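**Student:**
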Amino acid sequence: MMLDGASEESYSYDDTIVRCFLTVTLLWGFVAAVNAVLVTSTLLHPRQDAGVEWLSFGRLQPVGLLLFFMAFVGNGVFAGIYYSTQRLCKARMWSGALSWLHFFSWQAIIIAALVTLPRGISQGRELSEAEWPIDLAMTLVWILFFASNFAMTVSHRRVRRMYVSLWFYIAAVVGMGLNNLCTLFVFPTGLWKSDSLATGMQDALLQAWYSHNATLFLLIMPALGLAYYFVPKVLNRPIHSYKLTIVSFWTLTLVGVWAAPRLLHYTVLSEWVSSLGMLFGILFGVAVFGGVTNLLLTFRSSEVDKSANPSMRFLKWGVLLLGVYACEEIALSVKSIRAQVDYSEWITAHFQLGLMGCGGMLVIGMAYWMIPKLFETGIASSKAASLHFWLAAAGVLLCVLPGYAAGFVQSGVWNAMDDLGILKYDFAESTSFLKMVWSLQMLGGLVYFVGLGVMLANYTKTWMNRAKPYQVTVYHVESNAKQNRPVSTPEPVSILEAAPVLNVAKKVDIWTRLNWHQQWEESPRKIGVLVALVVLVAFTIELVPLFVFASSNVPEIASVQPYTPLELMGRHIYLTEGCSKCHTQMVRPLMAETKRYGEFSQAGEFVYDQPAQWGNRRIGPDLARESGKQASFWHWQHLVSPRKTSPDSAMPSYRYLLDRPIDMEEVDELVQAAQERGIGYDADLAEVKNSVSKQAESLAADIVSKGGTVRRGNLMTFDSQAVALIAYLQRLGADLSAPPAAKTKPAVAEDENTTSTTKTSTTKIGQTKTNPIDPKLTKTARDSDMNKMLTAVP
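Under this note's numbering, the first residue of the sequence shown is numbered 10, with each subsequent residue one higher.
1) Quick check on the burial criterion: 16 or more other C-beta atoms within 10 angstroms. Buried or exposed for residue 479?
2) Would residue 308 and residue 244 qualify as a contact pair, given that the criterion is a beta-carbon distance under 8 Å?
3) Could you tell me if residue 251 is buried or exposed, where buried requires 16 or more neighbouring beta carbons within 10 angstroms of its beta carbon?
4) For residue 265, which residues from the same chain have a beta carbon less than 6 Å from its beta carbon, with the 5 sequence-adjacent residues on both sides left out?
5) Pick helix, strand or coil for residue 484, following the three-state DSSP scheme.
6) What separation, rounded to the nearest whole angstrom, lies between the Cα atoms of residue 27 and residue 325?
7) Round the Cβ separation of residue 23 and residue 108 to the nearest angstrom and send it over; I've been treating them as touching at under 8 Å.
8) Mapping DSSP to helix, strand and coil, what is residue 51?
9) With which residues is residue 432 paired in a DSSP beta bridge?
10) Can you tell me where the beta strand (DSSP E) holding residue 17 begins and where it ends?
11) Report all residues from its chain with a CB closer than 7 Å to the CB of residue 411; omit the five preceding and five following residues, and keep chain order.
12) Should the segment 204-217 be regarded as contacting the segment 257-264, the criterion being three or more beta carbon pairs within less than 8 Å?
13) So what's residue 654 in DSSP terms, helix, strand or just coil?
14) In terms of residues, what are the limits of the alpha helix (DSSP H) holding residue 168?
15) Taking the alpha carbon of residue 271 as the reference point, which residue from 340, 334, 232 has its own alpha carbon closest?
16) Taking DSSP as the reference, what is the three-state secondary structure of residue 809?
17) In this structure, how does DSSP classify residue 595 when only helix, strand and coil are distinguished?
18) Count Cβ pairs between the segment 232-243 and the segment 174-192 that sit closer than 8 Å; are there 3 or more?
19) Rounded to the nearest angstrom, what separates residue 171 and residue 525 at their Cα positions?
20) Excluding sequence positions up to five away, which residues of its chain have a Cβ less than 8 Å from the Cβ of residue 668?
21) Please return the same chain residues whose Cβ sits closer than 6 Å to the Cβ of residue 711, not counting the five positions on each side in sequence.
22) What are the start and end residues of the alpha helix (DSSP H) that includes residue 108?
23) Taking C-beta to C-beta, are residue 453 and residue 404 nearer than 8 Å?
24) Please determine, among 45, 130, 467, 196, the residue with the shortest C-alpha to C-alpha distance to residue 76.
25) Consult DSSP for residue 477 and reduce its assignment to one of helix, strand or coil.
26) Cα separation between residue 134 and residue 213?
27) I'd like to check one pair, residue 601 with residue 562: are the Cβ atoms closer than 8 Å?
28) According to the neighbour-count rule (16 or more other Cβ atoms, all chains shown, within 10 Å of its Cβ), is residue 768 buried or exposed?
29) Tell me whether the segment 586-600 and the segment 619-632 touch, counting them as touching only if at least three CB pairs, one residue from each stretch, are closer than 8 Å.
30) In three-state terms, what does DSSP make of residue 670?
31) If distances are taken between C-alpha atoms only, which option among 216, 481, 684 comes closest to residue 573?
32) Give the DSSP-derived three-state secondary structure of residue 729 in the structure shown.
33) Between which two residues does the alpha helix (DSSP H) holding residue 93 run?
Listed below in structure tokens is the structure:
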């Protein structure tokens with residue numbers, strides 16, 4: 010019955026865009042599973058790449074993360090949001106054009122990254138390896154096409170109070186939009202080249218900040234929002250506790266973004282930032298677990314027939330794994346626990362649990378529920394869907410559980426010492442058993458791949474049985490339906506009204522009933538603004554001081570010098586080949602690590618590292634103190650045939666670096682970019698070639714004197730890229746033991762107002778010098794800090 014004076018309006022839902030996002034989700038998931046098997050096989054059989062650079066683990070591993078995170082889970086999240094938002098708002102997406110621009114642009118971004126990353130076009134930054142044009146495109150697409158369309162749809166909703174799923178969507182859309190800006194903290198040096206604006210410790214924290222918050226806003230927040238929508242739909246019952254939903258949402262929103270520094274425990278990160286990350290990391294895990302508990306209690310006592318609802322098993326399994334993920338987050342936020350498992354296979358398994366388990370299972374469960382609605386026909390085969398569940402569950406367990414076991418063993422091997430404080434095991438003994446682990450994980454990837462193949466076949470058959478044409482349901486409502494509301498809302502009365510207590514107790518009692526939250530549920534703007542404020546405040550408190558007060562957070566070390574042109578080229582090769590995917594450059598202040606690698610790392614070592622290459626996995630040993638440990642000829646042989654020098658090595662052959670000449674134009678560009686960053690050279694760029702030749706010839710002479718060849722084919726040894734990479738490796742850690750140079754007058758004036766940690770240092774091409782700091786005082790301070798930290802850390 011219509012009210013007097015009210016007009017009627019009609020609307021329908023745009024399910025075509027949902028079908029397209031869902032289709033590419035399954036296709037990308039299939040490709041991601043294939044790539045996961047391929048990546049693991051490169052560790053098991055590193056010779057299989059036959060010296061082809063784009064088949065190496067270092068280049069394919071970022072592709073695997075991209076496929077699972079941005080392509081599979083990302084597209085699935087978009088499909089779920091586009092489907093549920095329209096129904097929760099009782100409104101069609103505000104702009105169909107923006108929806109399609111979002112769809113095609115997102116696929117183009119993924120394809121561009123897939124083409125460039127295997128070719129070595131990479132920033133070398135964790136979870137944001139794609140170069141700046143792709144990052145810029147992703148930021149613009151998110152804000153201009155997706156966020157704007159979503160915001161306008163919510164603002165034109167026909168339901169006054171927003172359901173809980175929309176709260177999570179708003180937080181994810183606003184938070185990820187701001188987080189994407191972190192990837193633009195670079196200055197382009199070419200169309201597909203860039204350098205980070207931050208250096209060393211600051212850049213490492215920036216990487217941790219982005220990777221953590223990308224996980225929060227593109228995985229955790231949307232996963233909970235989608236679960237809050239689809240779980241009640243599948244079970245046909247409301248969420249267990251409305252109050253628990255409110256508490257877990259706001260706790261996650263207010264504390265989750267602060268937890269990024271927990272990823273850098275026991276590195277050179279400032280202690281106060283690390284402690285802040287530990288505190289909020291624990292609260293972050295508790296908040297996620299609160300939402301999981303609410304969802305699991307909703308599943309309790311459900312009488313829904315599982316065979317008739319294949320999505321129920323996937324959704325419940327996804328929520329359970331999200332609970333395990335939350336518990337791990339709590340544990341890994343504690344410094345002493347993370348110290349034991351960091352850089353091990355445990356961390357990799359933890360991330361696989363998040364992507365394949367939580368994200369993958371929830372996306373697949375959501376898809377199985379939507380497919381009959383979207384195609385207006387039943388699932389072609391319920392038995393196939395049931396088979397898919399068991400294959401997916403087995404695949405996740407085979408990928409994750411061996412990783413946990415490997416991490417436990419690696420920690421024991423790395424830290425084991427006898428009564429005299431001598432290490433019991435070589436590093437190689439911590440990797441000798443990993444082939445068995447990787448074999449199980451490859452089997453898990455194959456099982457997961459088969460499961461997705463079963464789903465694709467089931468999906469295709471269902472699509473072939475679809476309604477032709479689709480029936481578009483048109484809904485009719487009053488045009489002013491959203492404005493209809495009760496004339497007055499009675500004020501809540503405290504149960505302590507008649508009790509002899511202070512008025513403040515009565516107000517607290519009324520506030521804890523959360524009736525006030527109903528007003529917030531009517532205002533998406535309030536939620537969005539608060540999320541934006543939390544992100545900006547957290548960024549300001551955690552990151553900005555490291556830049557503004559750089560001199561106190563990153564003490565200068567007298568002997569640390571800029572890289573020579575040849576070493577700059579070697580570092581560029583190191584980054585291009587993805588060496589940080591297997592090697593770290595961070596010696597933590599743990600007794601076992603300092604005995605194995607040498608003096609623990611300090612913030613001042615990394616002031617010329619843009620970007621930081623600290624890494625997060627040790628398939629190979631740490632390289633922060635690699636200088637002088639092995640002869641240059643050993644490195645030369647190791648690049649040609651890693652198993653000849655290290656029998657248990659999983660490293661592929663890089664012999665193509667021996668056959669490629671050093672690109673002097675690229676070296677010039679690297680030196681020029683270093684000059685633009687404030688690292689001055691008191692010689693013209695014309696001298697770069699002489700510097701490179703002089704250092705390369707010296708290093709090549711050492712290689713030849715130990716048994717290396719003078720030339721390889723038509724290429725002289727000193728002209729090969731392998732020499733540049735070896736020069737970089739032989740530089741790592743050398744500065745700490747080098748005597749400081751004498752004071753010289755800088756040829757490039759220093760900017761007194763600069764707050765960057767990149768020291769303005771003038772260096773002759775092929776020669777290094779230092780800033781005038783007393784080395785004795787610096788060394789004494791380092792020794793004091795080392796003794797203090799070694800006694801405080803397990």
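Here a beta-carbon is modelled for each residue, glycine too, at the ideal position from N, C-alpha and C. Quantities reported herein were computed from a predicted structural model and do not represent experimental measurements.
**Tutor:** Taking the coordinates as given:
1) By the Cβ neighbour-count rule, residue 479 is exposed, with fewer than 16 other Cβ atoms within 10 Å of its own.
2) Closer than 8 Å, so yes.
3) Classification for residue 251: exposed.
4) Excluding sequence positions up to five before and after residue 265, its CB lies within less than 6 Å of the CB of 225, 293, all in the same chain and listed in chain order.
5) When DSSP states are grouped into helix, strand and coil, residue 484 belongs to the strand group.
6) Cα-Cα distance, rounded: 23 Å.
7) With a Cβ gap of about 7 Å, residue 23 and residue 108 count as contacting.
8) The answer is helix: DSSP assigns residue 51 an H, G or I state.
9) Assignment of beta-bridge partners to residue 432 by DSSP yields 426.
10) For residue 17, the enclosing beta strand (DSSP E) stretches over residues 17-20.
11) Cβ within range, chain order: 446, 449, 450.
12) The segment 204-217 is not in contact with the segment 257-264.
13) Helix, per DSSP.
14) For residue 168, no alpha helix (DSSP H) encloses it, and the DSSP letter there is neither H nor E.
15) Closest option to residue 271, Cα to Cα, is 340.
16) Only positions 10 to 803 of the chain appear in the structure, and residue 809 is not among them; the question remains open.
17) Here residue 595 sits in coil by DSSP.
18) With a cut-off of 8 Å, the segment 174-192 and the segment 232-243 count as touching, because enough Cβ pairs lie within range.
19) Straight-line spacing of the CA atoms in residue 171 and residue 525 works out to 14 Å.
20) Within the same chain, Cβ atoms closer than 8 Å to the Cβ of residue 668 are found at 721, 722, 724, 729, the five residues on either side in sequence being excluded.
21) Excluding positions up to five away in sequence, the list reads 641.
22) Taken as a continuous stretch (DSSP letters only), the alpha helix (DSSP H) holding residue 108 covers 105-125.
23) In contact: residue 453 and residue 404 (Cβ atoms closer than 8 Å).
24) With distances taken between Cα atoms, residue 76 lies closest to 45.
25) DSSP places residue 477 in coil when its eight states are reduced to three.
26) Rounded to whole angstroms, the gap between the alpha carbons of residue 134 and residue 213 is 9 Å.
27) Residue 562 is not a Cβ neighbour of residue 601, given a cutoff of 8 Å.
28) Residue placement at residue 768 is poorly supported in this model, since its pLDDT is 44, which falls under 50; the coordinates are not used for a value here.
29) Cβ pair count under 8 Å is three or more, so yes.
30) The three-state reading of DSSP puts residue 670 in strand, counting E and B together.
31) Looking from the CA of residue 573, the closest CA among 216, 481, 684 belongs to 684.
32) DSSP places residue 729 in strand when its eight states are reduced to three.
33) Note, residue 93: alpha helix (DSSP H), 83-98.
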